[in-house]
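Numbering (the working numbering), first residue to last: 151 to 605.
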Amino acid sequence: MARVDVLMPQMGESIAEGTLSKWLKKVGDPVKRDEPLFEISTDKVDAEIPAPAAGTLAEIKVQEGQTVPVQTLVAVLETEAGAAATKPAAAPAPAAPKPEPPKQAAAPAPPPPAAAPRPQAPSPQPPQPAPAPALKSGDGDGGVLTAEQRLRTKSTPLVRKIAAEHSVDISRIPGSGYAGRVTKQDILGYIERAPAPPTLAPGSRLPAPSGGVEHPAVEPWPGDRVEPWSKIRKITADHMVMSKRVSAHVASMFEVDFTRVAQLRGKSKQSYADRGVNLTFLAFIVKACAENLRKHPIVNAAVSGDSTIYRGDVNIGIAVALDWGLIVPVIKHADELSLMGLARAINDLGERARTKKLSPDDIQRGTFTITNPGGFGPYAGIPIINQPQVAILGVGAIEKRPKVVTGADGTDSIAIRTMGMLTMSYDHRVVDGADADRFLADVKKLLQEFPEGAV
Numbered sequence: 151m152a153r154v155d156v157l158m159p160q161m162g163e164s165i166a167e168g169t170l171s172k173w174l175k176k177v178g179d180p181v182k183r184d185e186p187l188f189e190i191s192t193d194k195v196d197a198e199i200p201a202p203a204a205g206t207l208a209e210i211k212v213q214e215g216q217t218v219p220v221q222t223l224v225a226v227l228e229t230e231a232g233a234a235a236t237k238p239a240a241a242p243a244p245a246a247p248k249p250e251p252p253k254q255a256a257a258p259a260p261p262p263p264a265a266a267p268r269p270q271a272p273s274p275q276p277p278q279p280a281p282a283p284a285l286k287s288g289d290g291d292g293g294v295l296t297a298e299q300r301l302r303t304k305s306t307p308l309v310r311k312i313a314a315e316h317s318v319d320i321s322r323i324p325g326s327g328y329a330g331r332v333t334k335q336d337i338l339g340y341i342e343r344a345p346a347p348p349t350l351a352p353g354s355r356l357p358a359p360s361g362g363v364e365h366p367a368v369e370p371w372p373g374d375r376v377e378p379w380s381k382i383r384k385i386t387a388d389h390m391v392m393s394k395r396v397s398a399h400v401a402s403m404f405e406v407d408f409t410r411v412a413q414l415r416g417k418s419k420q421s422y423a424d425r426g427v428n429l430t431f432l433a434f435i436v437k438a439c440a441e442n443l444r445k446h447p448i449v450n451a452a453v454s455g456d457s458t459i460y461r462g463d464v465n466i467g468i469a470v471a472l473d474w475g476l477i478v479p480v481i482k483h484a485d486e487l488s489l490m491g492l493a494r495a496i497n498d499l500g501e502r503a504r505t506k507k508l509s510p511d512d513i514q515r516g517t518f519t520i521t522n523p524g525g526f527g528p529y530a531g532i533p534i535i536n537q538p539q540v541a542i543l544g545v546g547a548i549e550k551r552p553k554v555v556t557g558a559d560g561t562d563s564i565a566i567r568t569m570g571m572l573t574m575s576y577d578h579r580v581v582d583g584a585d586a587d588r589f590l591a592d593v594k595k596l597l598q599e600f601p602e603g604a605v
């Protein structure tokens, strides 16, 4: 018999750790090559990890709920001798980003400045890396950083963005990630515990938070059921609170007559189904948004400090409700796809989200998001912006309703029409009401006059 190590895979360049959320096999169970072995959650995606070889699950090293660095040994398989080499469950990657080469020779690093003590985790910690050569910091201050300090201060782009928006010095935050790396949860918790900022004179800078009061715990009552949050629920909660704190949320609502779309969909639904594609109202809405985001670039933007980034790509995220949480896979270059291409992409991403087959790239680089709770029946809703974007569209229930219709001769009558509400939340720091309303008006116009040749 041969032994094959199963390692925690690195699901993306910026991912330094993962949570083993569920074992799909038990010790002693037979396992086929590429058969799902366990599920992981990261701050990017939930995914099923396949077995690297066929054999028997001999040992489980990491229990459900544990968070460990990438490349950590999580299990051992026993296989027939020579059946497989020792490989990780996914493509191997370094346990942590490599430091950039020094621009010039540097003297050995002085001892790092005193920092707040890191809390001790209940599970064993990975061995600390050997001292690394000192490196010049990249911020132009002439300071010297070790490779480990570089991990802490640079962290991921999202962590650095949050830190910049709140004027937080990352090096002051005790990190819980690999080698003390500050994770998104670390910085959001740090900001959440900080006291309310003082009133500042115009032009003054907000000082970095220095700690604060924890939220009071809520005691369960007799008969209550306490269910700890899953990894994806924690990430969603942190992201939503951060978004409400960062962006000045405003919403506009437009009622849309979908009768024209309903007629076109009725004519074409079967021909799409014959090609394996479900033609939904959502596909038409995505098409209308994709066509108009180029005309209204401020809605397809992001905020960085006191600058606006106008995105060159139109990448539309579609929120997918799962039994275990919410995830937003992204249709890349949506403005270049036909209605058939968009419908196919929506079907594919939704199915892979539900079966945990999404890759980290599938949920990154979105520029605009659409959430469709209308399938559950609400008339309308006001969604929270998906950071770092500046707008999100919510789709209400699309159903037949009485509507006043003006005939060609100018007379009014009440008719049965297929109606629905579109609500867009937007960041009022950069998107004015007129900008949002012009975009929604154009989306509405295209939906109500959708060309038959585009179906």
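Glycine included, C-beta positions come from ideal geometry on N, C-alpha and C. All values derive from a computational prediction rather than experimental measurement.
Cα-Cα separation, LEU414 to LYS553:
Counting from one through the sequence shown, the residue named residue 414 turns up at place 264. Counting from one through the sequence shown, the residue named residue 553 turns up at place 403. Approximately 20 Å between the Cα atoms of the pair.
Could you name the residues that DSSP lists as bridge partners for ARG567?
As a working note, residue 567 is residue 417 in the sequence shown. For ARG567, which the question treats as bridged, DSSP gives the partners ARG551.
Compute the Euclidean distance between the alpha carbons of ILE468 and VAL478, then round it to the nearest angstrom.
To locate residue 468, count along the sequence shown from 1; it is residue 318. To locate residue 478, count along the sequence shown from 1; it is residue 328. Distance between the alpha carbons of ILE468 and VAL478 is about 5 Å.
Sheet register partners of TYR460 (DSSP bridge)
For the purposes of this step, residue 460 is taken as the residue at position 310 of the sequence shown. In the DSSP output, where bridge partners are listed per residue, TYR460 has ALA451.
Label VAL376 either buried or exposed according to how many other C-beta atoms from any shown protein chain fall within 10 Å of its C-beta, with 16 as the threshold for buried.
Residue numbering aside, residue 376 sits at position 226 when the sequence shown is read from its first letter. Only exposed fits VAL376, as fewer than 16 other CB atoms lie within 10 angstroms of its CB.
In the structure shown, what three-state DSSP assignment does LEU187 receive?
Counted from its first residue, the sequence shown places residue 187 at position 37. It is a strand residue.
Under a three-way DSSP split, which group does GLU198 fall into?
One-based indexing of the sequence shown puts residue 198 at position 48. In this structure, GLU198 counts as strand in the three-state DSSP scheme.
Reducing DSSP to helix, strand and coil, say where VAL472 ends up.
Residue 472 sits at position 322 when you count from the first residue of the sequence shown. The residue asked about is misnamed: residue 472 is Leu in this sequence, not Val. The answer is strand: DSSP assigns LEU472 an E or B state.
Is VAL593 buried or exposed, if buried means 16 or more other CB atoms sit within 10 Å of its CB?
Sequence index remark: in the sequence shown, residue 593 carries index 443 (1-based). Result: buried.
Environment of THR296 [buried if 16+ CB atoms lie within 10 Å]:
As a working mapping, residue 296 is identified with position 146 in the sequence shown. Low per-residue confidence applies at THR296: pLDDT is 46, beneath 50, and the placement is therefore not dependable enough to give any value.
Leaving aside the five residues before and after LEU499 along the sequence, list all residues of the same chain whose C-beta is less than 6 Å from its C-beta, in chain order.
If you number the sequence shown from 1, residue 499 lands on position 349. Contacts found: PRO479.
Taking DSSP's pairing of strands, which residues face PRO219 in a bridge?
Reading the sequence shown from its first residue, position 69 is the one you call residue 219. DSSP lists GLU167 as partners of PRO219.
Where GLU230 falls: helix, strand or coil (DSSP)
Stepping through the sequence shown from its first residue, residue 230 is reached at position 80. Coil at GLU230, not helix or strand.
Mapping DSSP to helix, strand and coil, what is ASN536?
For the purposes of this step, residue 536 is taken as the residue at position 386 of the sequence shown. Of the three classes helix, strand and coil, the one that applies to ASN536 here is coil, per DSSP.
Ends of the beta strand (DSSP E) at LEU508?
Here residue 508 refers to the residue found at position 358 of the sequence shown. Neither: LEU508 is in no beta strand (DSSP E) and is coded neither H nor E.
Helix, strand or coil for ALA282? Go by DSSP, reduced to three states.
Looking up residue 282 in the sequence shown gives position 132. At ALA282, the pLDDT of 38 sits below 50, so the modelled position is not reliable; the number obtained from the coordinates is stated separately. Coil at ALA282, not helix or strand.
Would DSSP call ARG153 helix, strand or coil?
The residue you call residue 153 lines up with position 3 of the sequence shown. Assigned with DSSP and collapsed to three states, ARG153 falls in strand.
Given a cut-off of 8 Å on the beta-carbon distance, is the pair LYS182 and GLU214 in contact?
Your numbering for residue 182 matches position 32 in the sequence shown. Your numbering for residue 214 matches position 64 in the sequence shown. No, Cβ-Cβ distance for LYS182 and GLU214 is not below 8 Å.
Tell me LYS172's beta-bridge partners as DSSP assigns them.
Stepping through the sequence shown from its first residue, residue 172 is reached at position 22. Partner(s): GLU189.
Taking the alpha carbon of PHE431 as the point to measure from, which residue in THR386, LEU508, ASP485 and ILE520 has its own alpha carbon closest?
By 1-based counting over the sequence shown, the position of residue 431 is 281. Cα-wise, what sits closest to PHE431 is ILE520.
With DSSP as the reference, please indicate the residues paired to LEU207 in a beta bridge.
Here residue 207 is taken as the residue at index 57 of the sequence shown, counted from 1. Beta-bridge pairing links LEU207 to LEU227.
PRO180, DSSP secondary structure in three states:
Position 30 of the sequence shown, counted from the first residue, corresponds to residue 180. In the structure shown, PRO180 falls within a strand segment according to DSSP collapsed to helix, strand and coil.
Using 8 Å as the threshold, is the C-beta distance between SER393 and ILE532 below it?
Within the sequence shown, the letter at position 243 stands for residue 393. Within the sequence shown, the letter at position 382 stands for residue 532. Cβ atoms of SER393 and ILE532: not closer than 8 Å.
Beta-carbon separation (whole angstroms), ARG445 vs ALA197, contact threshold 8 Å:
Here residue 445 corresponds to residue number 295 of the sequence shown, with the count starting at 1. Here residue 197 corresponds to residue number 47 of the sequence shown, with the count starting at 1. For the sequence presented, residue 445 should be read as Lys rather than Arg. About 36 Å separates the two Cβ atoms, so there is no contact after all.
Considering only DSSP beta bridges, list what MET574 is partnered with.
Along the sequence shown, read from residue 1 onward, the residue named residue 574 stands at position 424. According to DSSP, which records beta bridges pairwise, MET574 is partnered with SER402 and LEU543.
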